[in-house]
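>
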């Protein structure tokens, strides 16, 4: 195993900074390269799928040639509406209200007839 | 006097007999109790820090500037600056350890060195110290990155990958501040930790400072989060200064629709490419891309939901309170060489310098992003031109800086919505600042 001594006592600030910036730029440039390729591959795959679909069904899918035809305000409004819709999903309730009869089971613990301290009451003549 | 009242009076007199007997002890106990109260130990510095904490809380609640961060940090400052006598294992720095001199071999020379060992008289670290371990050992920031990954939609970046360059350009702020901090007298490690403020990424700043300069972590985190909250004030003047009126009204082409496969491939390829270049950034980038894969895979929705809500909220609470509590006004630390006590508290000239450097870092990062967009426009076809206002979103204050771009663009053209485009450099900035942190850690760690 090789251990690199990266800490140099005479490390030059400017050289380190330049190196740092160039590594960040090159790392992200590599990502640009990779995602440009995957983007092109994806576009090709979509075009192939679309061509297959047309060949098998004979129907041409509706394609918006230029998305800029849709005004930006409309896109923003649709996005906002979708966001509000997806964020405000509640449980759907049945809205049916039922009244159930509550029946109390008999218990000698709260029976008035057998409790010890009976309250006084006037006897009818 | 009634008979019953006489009995009460007699009982009261009798109860005072033992009290008078032990009056001296009573006085001593009261004195001891008083010496332990916050009132007896308070210094003007404590009150200054409590006032700063209250300002943070007020800004979060009244102005609604980053309330999810400023309120926990502000309250943490109140907790951390309650004056107390050390030794009762309540403070955030009371970790139940003690320093002892031990003979050992260091750099091939036998000598005495100070070593931390558990102190038997303390029953482990304090509660705050235990919670603070997530900051010290750097495991809160990757968990926050997991949540960010699980809530971020990278579609705009995938549809227009060249926007990654704006995120890369904004990282110039980090390295410019790194140089500036060096010239202000900070060591290389301290300068690296301060420079990362320019990345406008709180978790990354905490992660790097915990590794390079733990003693400056409080000041760095506070500066990073304060400037993130001040993004709507700092960025617009710089954006307006560096752009012409015609550039501000450039309308960008709508981003193309991104397929699900592309969204799934993105975190896998992104992780491998970036961490192979900067493996030190693996804890941050690994969790960021893992969180994004959970979101985009479509089969782990429960995990993604937990990462972006419950887990993220728990960690934000813990990181906010503990970072706030770590900003103690006065913190006496023994000099390892002379043994002399030095104040390493928050109220020092170093903190002021860090605040100044942080502001410069944000300004440079914003300017670099805008200038890069202008530079790219020189090489792009007319229909592919970039609105330079989205360049400022290269600083990774998600989504505040993207929102600022949108607001400024709408000010000049009420129908020009650049938010979607601005999110591209914004998330690129998150990746860029994590890569930059990895590079600084590799060079200076």
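Chains as they are written, first to last, in the numbering used here: chain A, 819 to 943; chain B, 572 to 1016. In this text, a Cβ means the ideal position worked out from N, Cα and C, and glycines have one as well.
Whose CA, out of B:743, B:843, B:971, B:751, lies closest to the CA of residue 941 (chain B)?
B:743
> Measuring alpha carbon to alpha carbon, tell me which residue in B:876, B:945, B:865 is nearest residue 817 (chain B).
B:945
> Which of the three DSSP states is assigned to residue 834 (chain A) in this structure?
helix
> Can you tell me which of the three DSSP states residue 688 (chain B) falls into?
Assignment of residue 688 (chain B) by DSSP, reduced to helix, strand and coil, places it in the strand class.
> Under 8 Å by Cβ, that's how I've got residue 810 (chain B) and residue 960 (chain B) pegged, so tell me the actual separation to the nearest angstrom.
That pair is a contact at about 6 Å.
> Got a sec: is the Cβ-Cβ distance from residue 916 (chain A) to anything in chain B below 8 Å?
no
> For residue 603 (chain B), count the other beta carbons within 10 Å of its own beta carbon; 16 or more makes it buried, fewer makes it exposed. Which is it?
Exposed, by the Cβ-count rule.
> Please list the residues of the segment 854-878 of chain A that have a C-beta atom closer than 9 Å to any C-beta atom in chain B, keeping them in chain order.
854, 856, 857, 859, 860, 861, 863, 864
> If I follow the unbroken alpha helix (DSSP H) through residue 914 (chain B), where does it start and stop?
Element bounds for residue 914 (chain B): not the alpha helix (DSSP H) but the beta strand (DSSP E), 912-914.
> How about residue 696 (chain B) and residue 666 (chain B): are their beta carbons less than 8 Å apart?
Annotated as proximal: residue 696 (chain B) and residue 666 (chain B), with beta-carbon spacing under 8 Å.
> Put residue 669 (chain B) into one of helix, strand or coil per three-state DSSP.
strand
> Mark residue 867 (chain B) as exposed unless 16 or more other C-beta atoms lie within 10 angstroms of its C-beta, in which case mark it buried.
buried
> Could you check where the alpha helix (DSSP H) with residue 624 (chain B) kicks off and where it finishes?
615-629
> Apart from the five residues on each side of it in sequence, which residues of its chain come closer than 6 Å, Cβ to Cβ, to residue 932 (chain B)?
These residues qualify, in order along the chain: 744, 748, 768, 769.
> By the criterion of Cβ-Cβ separation under 8 Å, what are the contact partners of residue 749 (chain B) in chain A?
831, 834, 835, 838
> If I measure Cβ to Cβ from residue 820 (chain B) and keep anything under 6 Å in the same chain, skipping five residues before and after, which residues do I get?
983, 984
> Run through chain A and tell me which residues come within less than 8 Å of residue 1011 (chain B), C-beta to C-beta.
Neighbours of residue 1011 (chain B) in chain A, taken as residues whose beta carbon is under 8 Å from its own, are 838 in chain order.
> Closer than 7 Å between beta carbons: that is the criterion. Which residues of the segment 798-813 of chain B meet it against chain A?
none
> With a threshold of 8 Å between beta carbons, is residue 833 (chain B) in contact with chain A?
True, the Cβ-Cβ gap to chain A drops below 8 Å.
> Among the residues of its own chain, which have a CB less than 7 Å from the CB of residue 584 (chain B), if the five just before and after it don't count?
none
> State the Cα-Cα distance for the pair residue 535 (chain B) and residue 752 (chain B), rounded to the nearest angstrom.
Here chain B has residues from 572 to 1016 only, and residue 535 (chain B) is not among them.
> Could you spell out where the alpha helix (DSSP H) holding residue 728 (chain B) opens and where it closes?
726-730
> Cβ closer than 7 Å: which chain A residues qualify as neighbours of residue 1000 (chain B)?
Those within 7 Å of residue 1000 (chain B) in chain A number zero; the least Cβ separation is about 10 Å.
> When you compare the CB positions of residue 800 (chain B) and residue 923 (chain B), do they come within less than 8 Å of one another, or not?
no
> Would you please verify whether the beta carbon of residue 841 (chain A) is less than 8 Å from any beta carbon of chain B?
yes
> Between which residues of its own chain and residue 918 (chain B) is the CB-CB distance below 8 Å, once the five residues before and five after are set aside?
616, 619, 620, 900, 901
> Show which residues of chain B have a CB atom less than 8 Å away from the CB atom of residue 889 (chain A).
986
> Using the C-alpha atoms, what's the distance from residue 901 (chain A) back to residue 721 (chain B)?
17 Å
> Judging by CA-CA distance, which residue of B:598, B:830, B:787, B:785 is the nearest neighbour of residue 728 (chain B)?
Checking every option, the nearest Cα to that of residue 728 (chain B) belongs to B:830.
> Between the C-alpha atoms of residue 1012 (chain B) and residue 874 (chain A), what's the straight-line distance to the nearest angstrom?
57 Å
> For residue 994 (chain B), collect the residues of the same chain with a Cβ closer than 6 Å to its Cβ; drop the 5 residues on either side in sequence, then sort them by chain order.
727, 973
> Here's a check: name, in chain order, each residue in its chain whose Cβ is nearer than 6 Å to the Cβ of residue 854 (chain B), leaving out the five neighbours to either side.
713
> Identify the contact partners of residue 850 (chain A) in chain B, using a Cβ-Cβ distance below 8 Å as the criterion.
732, 733, 735, 736
> On the DSSP bridge list, what partners appear for residue 903 (chain B)?
B:914
> State yes or no: is the beta carbon of residue 742 (chain B) nearer than 8 Å to at least one beta carbon in chain A?
Proximity of residue 742 (chain B) to chain A, defined by a Cβ-Cβ separation below 8 Å, is satisfied.
> Once DSSP output is grouped into helix, strand and coil, what is the label at residue 637 (chain B)?
coil
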